[in-house]
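Here's the structure, in structure tokens; my notes come after.
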Amino acid sequence: MLKHTGWRQAATASVATLFLVGGIATATPASAAGGNYSCRNWKQTVATWSASCTVKSGQARAVTDCSNGKTIYGAWTGRGTWRFGGNCGKYFVVAQDTQGRN
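Heads up: the sequence shown begins at 337 in the numbering used here, then just goes up one per residue.
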């Protein structure tokens with residue numbers, strides 16, 4: 337799993353997918369990669385985030401933690417290039433994450 341926040345960046349093998357959004361001051365790297373995916377073109381606002389991710393094998397999805405305590409999960413996607421992201425609506429993004437599975 338790869339998790340990005342303004343205070344920490346922890347990385348292990350994982351993947352990203354579809355839409356989930358958040359905001360606030362989270363760190364968004366230029367790319368994130370695991371054994372079966374890669375992401376680039378990270379963008380964010382206070383309540384949303386997005387990235388262009390390519391799934392090479394297995395499946396991947398996006399995960400967004402919002403300031404109201406809710407976690408939003410994107411749909412699992414297979415091989416291909418996808419826009420991953422999340423949207424917390426009137427709340428802000430606390431953390432953005434990607435998950436993958438074989």
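Yeah, the Cβ is synthetic: ideal placement off N, Cα and C, and Gly gets one too.
Contact set for residue i: own chain, Cβ-Cβ below 7 Å, skip 5 residues either direction
i      : result
Gly414 : Val391 and Gln395
Closest residue to residue i among the options (Cα-Cα distance)
i      : options                   : result
Tyr427 : Tyr373, Ile408 and Ala398 : Ile408
Local Cβ density within 10 Å of residue i, reported as buried at 16 or more and exposed below that
i      : result
Gly436 : buried
Gly425 : exposed
Gly421 : buried
Neighbourhood of residue i by C-beta, 6 Å cutoff - its chain only, sequence neighbours within 5 removed
i      : result
Thr417 : Thr390
Ser403 : Tyr427, Phe428 and Val430
Ser393 : Asn372
Lys379 : Ser386
Asn438 : Gly394
Residue j beta carbon less than 7 Å from that of residue i
i      : j      : result
Asp433 : Val382 : no
DSSP beta-bridge partners of residue i
i      : result
Thr407 : Asp401
Gly416 : Val391
Val429 : Cys402
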